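Protein chains in written order, with the working numbering: chain A, 47 to 427; chain B, 17 to 83. The beta carbon of each residue, even a glycine, is placed where N, CA and C say it ideally should be. The model shown is predicted, which means the values in this text are computed figures rather than measured ones.
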Amino acid sequence: MDFLINGIIAITWQQAVMWIVGALLIYLAIAKKLEPALLLPMGFGAILVNLPFSGAINQYNPALGKDVIGIVDWLFNEFIDVSEAMPLLLFIGIGAMIDFGPLLANPKLLFFGAAAQAGIFLTVILAVLLGFPLVDAASIGIIGAADGPTSILVSQILDSGYIGAIAVAAYSYMALVPIIQPAAIKMCTTKKERAIHMSYNPESVTKRTKIIFPIAVTIIAGLVAPASVSLVGMLMLGNLIRECGVLNTLSDTAQNVLANLITLLLGITIAASMRAESFVRLETLMIMGLGLVAFFLDTVVGVLFAKLLNVFLPEGKKINPMIGAAGISAFPMSSRVVQKMGLEADPTNHLLMHAVGANVSGQIASVVAGGIILSIVPLFI
Amino acid sequence: MFKFIRNLICSGATSGATSGSTSGSAPATSAIIPALDILWKGMLGIFVVSALIFITVKILNKINSKK
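Pasting the structure below:
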């Protein structure tokens, strides 16, 4: 009768904590609707892999004298550990969803996307000061990219031991942008600044430009940061499929079936790195804190960059500093936050198109940042 | 100057790249300069890429609007 209770008596308190974490993620997904596509499978996966002797992960069976492969470990080994395939394939779907039109019509917004990545690198410094080795600090800093696949990819390639915590932090804080960003924006702007009107004078954007753009971005980013080619390339491939006009069914498949399928599998696969022994430790709490700081710093630096530009701009051509905050990659939440706060400051102040342009530029800048981290950090190992 | 500092660090530093645990103050001290190096190079790299893309888009908009 021992075989009936072996599992029960083998439960550890750390595993029980992970059940609670899993349940919390599921609650946030369902009740609060925070990134449900990712948090729900992650939460359920966290429970699956933290049951004693779970068949969902690899287990050595002494009676059979061999390892029995578990599906979650198999998915992780084949699609993340060996090839990083899942986050990269998801980028095709994400690229197919993005309309770069507002950015192409107002290309100076590219620089706001660039500035808003500063939180990544500042968080790397903070993580190092807290005692994390450089590789882990860089993996933690990339949470500030506000992009789940980039965070997973970078931490996996750098072989960080904290992929689970990093993934949970990245996706949770992306969903909490409507709470994090307003606080950061109000901290460094006045109501008068938030009420600055910006005229919208878009340049005309032809279909040809929209087709050449993803090709050009891939080449430029690839030449400057070769390690970013897989990230940027998959994103831009998806966008090219969308914009070419002759692959509508593929575009539709990429945006819906592919993206949903990969998202579903990615959530449960990441759970492989949420085992109690690697997740239930002080460092996980520190990573959650640093991830929040990364998002906060992204917003603050983006706003300060816009304010710095305003020093040199004449009256009537000032930039609303909140546009800098929209430069993070959390699309479309960040642009909606800026639009809403602009209307609160002045009901006639519509900033959406500027904010969307900055927001999509942040998507490019965040994957470039990931590629640059992958190019530079190994030089210091 | 940064190359000199990096060479200094790489020749004498302990392996700060082992993952999975935080360490004491020695790795933090030896990793702060690489972290600062990563900061300025990373931001420079992103801005360089953004500038090149900006120029490209401006040219594309100009060429394609004339046609």
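Residue i (DSSP reduced to helix, strand or coil)
i         : result
A/Asn-107 : strand
A/Val-114 : strand
A/Phe-377 : coil
A/Cys-234 : helix
A/His-396 : coil
A/Ile-138 : helix
A/Gly-370 : helix
A/Asn-123 : helix
A/Met-282 : helix
A/Leu-155 : helix
Contacts around residue i, its chain only, beta-carbon distance under 7 Å, and the 5 residues preceding and following it disregarded
i         : result
A/Ala-404 : Leu-155, Phe-158, Gly-159, Ile-369, Ala-372 and Gly-373
A/Ala-317 : Met-88, Gly-91, Ala-92, Leu-94, Val-95 and Val-118
A/Ser-375 : Ala-191, Ala-192, Asp-193, Gly-408, Gln-409 and Ser-412
A/Ile-144 : Asn-285, Val-406 and Gln-409
Inter-residue CB distance, residue i and residue j (contact presumed, cutoff 8 Å)
i         : j         : result
A/Met-334 : A/Ala-173 : No, A/Met-334 and A/Ala-173 are not in contact; Cβ-Cβ is about 12 Å, not under 8 Å.
A/Leu-304 : A/Ile-103 : About 26 Å separates the two Cβ atoms, so there is no contact after all.
A/Leu-283 : A/Gly-141 : 6 Å
A/Ser-381 : A/Leu-355 : Actually they are not in contact, since the Cβ atoms of A/Ser-381 and A/Leu-355 sit about 19 Å apart, beyond 8 Å.
A/Val-383 : A/Pro-224 : 6 Å
A/Ala-340 : A/Ile-166 : 6 Å
Alpha carbon of residue i to alpha carbon of residue j, nearest angstrom
i         : j         : result
A/Ala-131 : A/Gly-291 : 26 Å
A/Gly-89  : B/Ile-71  : 44 Å
A/Val-347 : A/Thr-394 : 26 Å
B/Ala-51  : A/Val-181 : 10 Å
A/Leu-84  : A/Ala-211 : 14 Å
A/Leu-328 : A/Leu-204 : 21 Å
A/Ile-51  : A/Ser-100 : 14 Å
A/Leu-86  : B/Ser-81  : 47 Å
A/Leu-307 : A/Ala-267 : 28 Å
A/Phe-178 : A/Thr-330 : 12 Å
A/Gln-61  : A/Leu-80  : 24 Å
A/Leu-74  : A/Val-326 : 19 Å
A/Leu-343 : A/Phe-259 : 29 Å
A/Tyr-217 : A/Leu-338 : 11 Å
B/Ala-67  : B/Asp-53  : 21 Å
A/Ile-287 : A/Thr-252 : 16 Å
Residue i, buried or exposed, once every other Cβ within 10 Å from all chains shown has been counted against 16
i         : result
A/Asp-119 : buried
A/Ala-432 : Look at the range of chain A in this structure, 47 to 427, and you will see that residue 432 of chain A is not part of it.
A/Leu-359 : exposed
A/Pro-272 : exposed
A/Ser-245 : exposed
A/Phe-49  : exposed
A/Met-233 : exposed
A/Tyr-106 : exposed
A/Ser-129 : exposed
A/Arg-254 : exposed
A/Ser-250 : exposed
Own chain partners of residue i with C-beta closer than 8 Å, once the 5 adjacent residues on each side are dropped
i         : result
A/Ile-57  : Pro-98
A/Leu-134 : Pro-195, Leu-199, Ser-276, Leu-277 and Met-280
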